[in-house]
Structure formats: C-alpha cells, structure tokens
Ligand SMILES: [Zn+2]
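In my numbering, the protein residues as written are -3 to 404.
Structure representation (structure tokens):
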C-alpha cells in the first residue's frame, strides 16, 4: 500500500507531462554522440540548470581519457566529458543511487536531430535512450524533495557522458558510488509494452592485431608471413566459441588489413565483441582465446596481440534482485501498472553497479522502441507514468527499509 503522501505526489505528477516532454525535446535536439563533447557539455548545462534548482550540491568529476586500438596497432586517445553528479541529503538513512547518461549513439553530423510528435510517440535522437529517462529522474525527485518523504532518503544522481561506448571512463567512479548506496536505479528505456530488463549478459570489446612479414607476392612470396591469413584462422576459431545453449556469443565485427595485391600483408586487425552469462564463462573464454592465439602464432609465424577487456560484467538474476523486482511490482500494482521483466543480451551501467555489489533495477526510464536507430521514439504517456512509478517505488523502499525488509 502506498502512503497517502505518495498517492498525492503520484496524482500531482500526472499534470506534468507537457513540461517533461518539452524538457526531453530540449535535451534531445542537443545532439550529443559520445564523441561530441560540445553536445554533451550543452546537455550537462541544461541538466545542471534544472537539477540545481532542487538538489543540495552539484559536482563535475573529471574522468580519464580512454584508448582506442586502431587497425595498425597504434593507440588513439579520446577525451571524455566529466561525470555529472547531483547529491541531496547524504546523511539520510536510505541512500539511493540514480544513474543515467547524457550521450547518445548519434554522431555530430547525424541527420536525425529534430523531435516530432505523432500520436503517443515522441520521435527524436535519444528521446527514449535516455534523455526521457533523465527527465523522469528530475521530475520524480522534484516531487519527492518537496514532500515529507524527503527526510527518509538521500540520493546521488550520476549522469555519465560515455555509456554508449562502454562507460570506459565513468565505470570506476560508478563502482565507487555503488559502494556508498543501498539501491541503484538506472533509467534506460523499458520496452514499448513496459517490460523491464531482468538478468543481463556481460560484454567485452577486444582487438587482435596481427604482425607478419611483408614480401613481394611474385619475387619472394614464400618468405612472407601473411597477417590476413593468420587472422582469418583466428576469426574462424573465435566464431566456433559461440554457444547458443550456454548464452555465449563471440561476434567478429570489424576486420581490416592489407595494402596491395602484389604485397604479402604484414599487418591486419580484428575487433570482436563477447557476450557471456556468467563470470566463469568470461574468464574461461579469455583462456581459450589466448590458447587459440598462441597456437596460430606458433604455426603461422605471425605475431598476434590481444587488447581490450570486459567492460560490463554479467548481471545475473539473484534471489535478492528478484525480491527487489517484486517490490517494484507491488509499487506498480498500487498505480494499476503491470510490471514485468525478462532477461536480455544487452547490457548497461546496471551491470557495473551490480558487479560492485549494488542491487539495482536498470530500465526505469520511459517506454520506447527502435533505440540506436533513426526510428527511435519514446511513448508520450510513459513520462508521467514512469515518474509516478519511481515515486511509488521509493515510497515502498522507504517503508521496507524502516522495517528492515530491504534485500540490501
Ligand atoms: Zn542507454
């Protein structure tokens, strides 16, 4: 049962749709692909302006540069915008960590940059993933902060600038924040029918660079060591590691190398992504891959070097996580919302928080579809619906926490 205060807030939030849609459009039309630092700074300045009206403190925490391994084996360093952090009532008994991201997948020159409304759909870059979700956090906290429930919980809102490229810079900071909070709430979009993500796979991005020996294809072909041929063998061996029944996939996604038809190529590179369901699988795959590389290196004479790592550890469904979902389900029922969840192969910051020991639900944002494409949209009716769900969920968490019933 919701408290009368929470019931009142949930009713009041229903009149906020227009403002929430306008704020989402303002954020979404500020195109902010992960490498578009100016775009991200603009989003941060809008969010800073809105959140600072209600939170106690704002911080911009600098993040380290991150490295990209290029086809020729060289390393390119990228700058990252800071992690934006808002905090209120850090001494309250229950501490909640809200997370989200201000970057999108759409590059600076993308033609998808305007928003438009069509029935219940708000089309536009990042409207669902996840600028709409950021506005849900803002609005739910706006209501709660002004109510008597405020004294029962404190929070940190951490908005990362690099989620769409694996949170390479922000992950260590998220892990630190995870350790000082009881529950995590992440605002990635839910499916259009409202279904949330339950268990999530882990993911890692890797590069193998092959260094052979260049030779003229006619004059001394047999003296050469062909980097492409060695890498082709690697590709086939890695493809064989995928195992549908165990939920393991190895996707060789990008391959490059070679210069001319009359030269034995001495350099080639391969980028691949791994998805796993358990940490054991993650470790054992790395061992298998390193053995494959050693074998092929030994008989081909081509040096094979592996770079990269897992960026998102698996987030399995545990009894405690199941209990947290049940609490969300109860909160939803009190609003007439049916809450369901199911496992997914996708991953997000919720994986990193879970690996740091923070129980979290990570698809509390708006309902939407076609994310990461130019057909992306958020469901207009879900903005106030999800803000109310957050209010009801926090009310439920507060009352459970008071009677020692939280699974954390
Ligand atoms: Zn996202």
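By construction, the Cβ of each residue, glycine as well, lies at the ideal position given by its N, Cα and C atoms.
Among the options, whose alpha-carbon lies nearest the alpha-carbon of residue i?
i           : options               : result
residue 236 : 225, 219 and 248      : 248
residue 313 : 356, 266, 370 and 102 : 356
residue 124 : 105, 173 and 379      : 379
residue 206 : 215, 230 and 191      : 230
residue 171 : 350, 359, 387 and 386 : 350
residue 307 : 200, 222 and 131      : 200
residue 222 : 326, 208 and 167      : 208
residue 91  : 175, 211, 303 and 377 : 175
residue 362 : 86, 327 and 186       : 186
residue 263 : 290, 291 and 211      : 211
residue 255 : 224, 196, 271 and 234 : 224
residue 258 : 218, 242, 271 and 227 : 218
residue 154 : 396, 227, 97 and 392  : 97
residue 66  : 352, 344 and 202      : 202
residue 327 : 282, 292 and 393      : 393
residue 340 : 198, 105 and 82       : 198
residue 310 : 401, 403 and 195      : 195
residue 373 : 331, 0, 45 and 129    : 129
residue 375 : 122, 358, 253 and 150 : 122
residue 402 : 177, 227, 159 and 234 : 177
residue 398 : 72, 148, 45 and 111   : 148
residue 169 : 80, 342 and 74        : 80
residue 239 : 33, 281 and 159       : 281
residue 390 : 17, 253, 302 and 146  : 146
residue 63  : 344, 377, 342 and 303 : 303
residue 107 : 27, 298 and 13        : 27
With DSSP as the reference, identify every bridge partner of residue i, one or two as the case may be.
i           : result
residue 112 : 119
residue 39  : Per DSSP, none; premise fails for residue 39.
residue 392 : According to DSSP, residue 392 bridges with nothing at all.
residue 72  : 64
residue 383 : Answer by DSSP bridge pairing: none, since residue 383 is not bridged.
residue 132 : Beta-bridge pairing links residue 132 to no other residue.
residue 199 : 271 and 308
residue 179 : 92
residue 192 : 337
residue 204 : 266 and 302
residue 29  : 100
residue 141 : Answer by DSSP bridge pairing: none, since residue 141 is not bridged.
residue 186 : 363
residue 209 : 221
residue 239 : 244
Could you tell me the boundaries of the beta strand (DSSP E) in which residue i lies?
i           : result
residue 104 : Per DSSP, residue 104 belongs to no beta strand (DSSP E) and is neither H nor E.
residue 54  : 53 to 57
residue 338 : 337 to 340
residue 80  : 79 to 84
Need the endpoints of the alpha helix (DSSP H) that residue i sits in, please.
i           : result
residue 15  : 13 to 24
residue 4   : 0 to 9
residue 124 : It is not in any alpha helix (DSSP H) - residue 124 carries neither H nor E in the DSSP assignment.
residue 235 : 223 to 235
Quick check: what's the CA-CA separation for residue i versus residue j?
i           : j           : result
residue 57  : residue 5   : 32 Å
residue 49  : residue 15  : 15 Å
residue 232 : residue 61  : 33 Å
residue 93  : residue 38  : 23 Å
residue 30  : residue 213 : 42 Å
residue 275 : residue 347 : 12 Å
residue 70  : residue 261 : 17 Å
residue 134 : residue 267 : 38 Å
residue 294 : residue 288 : 10 Å
residue 215 : residue 245 : 42 Å
residue 365 : residue 371 : 8 Å
residue 325 : residue 119 : 28 Å
residue 41  : residue 166 : 18 Å
residue 277 : residue 162 : 20 Å
residue 55  : residue 117 : 34 Å
residue 316 : residue 323 : 11 Å
residue 142 : residue 84  : 12 Å
residue 109 : residue 2   : 37 Å
residue 190 : residue 296 : 52 Å
residue 76  : residue 0   : 44 Å
residue 330 : residue 384 : 10 Å
Fully enclosed by the stretch 147 to 175, which alpha helix (DSSP H) runs are 4 residues long or longer?
Runs of the alpha helix (DSSP H) lying entirely within the stretch 147 to 175 and spanning at least 4 residues, in chain order: 167 to 174.
Tell me the start and end of each unbroken beta strand (DSSP E) in the stretch 242 to 304 that is at least 3 residues and wholly inside, in chain order.
If only uninterrupted beta strand (DSSP E) runs of at least 3 residues are considered, those enclosed by the stretch 242 to 304 are 245 to 253 and 263 to 272.
Where in the stretch 314 to 379 do unbroken runs of the beta strand (DSSP E), each at least 3 residues long, occur, reported from the N-terminal end onward?
337 to 340 and 373 to 375, all fully within the stretch 314 to 379.
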